[in-house]
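Residue numbers (my numbering): 114 to 202.
Cβ coordinates follow ideal geometry from the N, Cα and C atoms, glycine included.
Keep in mind it's a predicted model, so treat the numbers as computed, not measured.
Okay, structure first, notes after.
Quick look at the structure:
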């Protein structure tokens, strides 16, 4: 929900209007917070997350097919991140 997020980096991406972004995160945050800023600016084209529920802008973009959304169970998301970070693959 926006914690541990590089706010300055996201602000700069919004300022530069970096579109077509694929975002992999736990959730779509809240409007105006964390990755929620990217949804506010309609910069995301694909979202992989455990849920979208707290961000009405992301929900709307999902329902109108502006973004492709892959919802994954929390356990599967953490397992795949651990596997990707492992030096043995």
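Have a look at residue 133 and residue 189 and give me their C-alpha separation to the nearest angstrom.
25 Å
By a C-beta neighbour count over all protein chains shown, 10 Å radius and 16 as the cutoff for buried, is residue 150 buried or exposed?
buried
Are the CB atoms of residue 154 and residue 148 within a distance shorter than 8 Å?
no
Own chain residues within Cβ distance below 6 Å of residue 159, not counting five before or after:
135 and 181
So, helix, strand or coil for residue 146, using DSSP?
coil
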